[in-house]
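Below is one structure; the comments refer to it alone.
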């Protein structure tokens with residue numbers, strides 16, 4: 001069963017409220033965005049503002065991450081992104 005609820009103007013797409021795991025496909029530091037390949041489903045857009053943590057927010061190609069899928073203005077995207085490990 002999927003639940004949909006609103007967070008900061010975005011709709012969270014969640015299966016039982018859980019986080020998903022994935023791998024960074026690519027991330028452009030200059031533009032501040034990239035894509036994550038989840039364990040299942042299509043690639044998800046990720047913006048630097050969705051990365052949790054202090055300091056410069058960036059991701060590296062091949063990096064393992066966890067995240068929550070949300071419905072953004074242009075489709076599904078990753079939010080609450082955290083690096084694993």
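Numbering (the UniProt record's numbering), first residue to last: 1 to 85.
Think of the CB as a built atom: it goes at the ideal place given N, C-alpha and C, for glycine as much as any other residue.
Can you tell me whether DSSP reads residue i as helix, strand or coil?
{"i": "residue 48", "result": "helix"}
{"i": "residue 38", "result": "strand"}
{"i": "residue 80", "result": "strand"}
Going by the beta-carbon positions, is the gap between residue i and residue j smaller than 7 Å?
{"i": "residue 22", "j": "residue 28", "result": "no"}
{"i": "residue 77", "j": "residue 44", "result": "yes"}
{"i": "residue 38", "j": "residue 20", "result": "yes"}
{"i": "residue 83", "j": "residue 65", "result": "yes"}
Starting from residue i, follow its DSSP beta bridges and name the residues at the other end.
{"i": "residue 29", "result": "Its beta-bridge partners do not exist; DSSP assigns none."}
{"i": "residue 72", "result": "75"}
{"i": "residue 56", "result": "Partner(s): none; residue 56 has no beta bridge."}
{"i": "residue 22", "result": "38 and 65"}
Between residue i and the rest of its own chain, which residues show a CB-CB distance below 6 Å, the 5 nearest in sequence each way excluded?
{"i": "residue 51", "result": "57 and 81"}
{"i": "residue 32", "result": "48"}
Excluding the 5 residues flanking residue i on each side, which residues of the same chain have their C-beta closer than 8 Å to its C-beta?
{"i": "residue 25", "result": "34, 35, 36, 37, 43 and 61"}
Closer than 6 Å: is that where the CB of residue i sits relative to any heavy atom of the ligand PLP?
{"i": "residue 77", "result": "Judged by which ligands are present, the structure shown has none, so any question about the ligand PLP falls away."}
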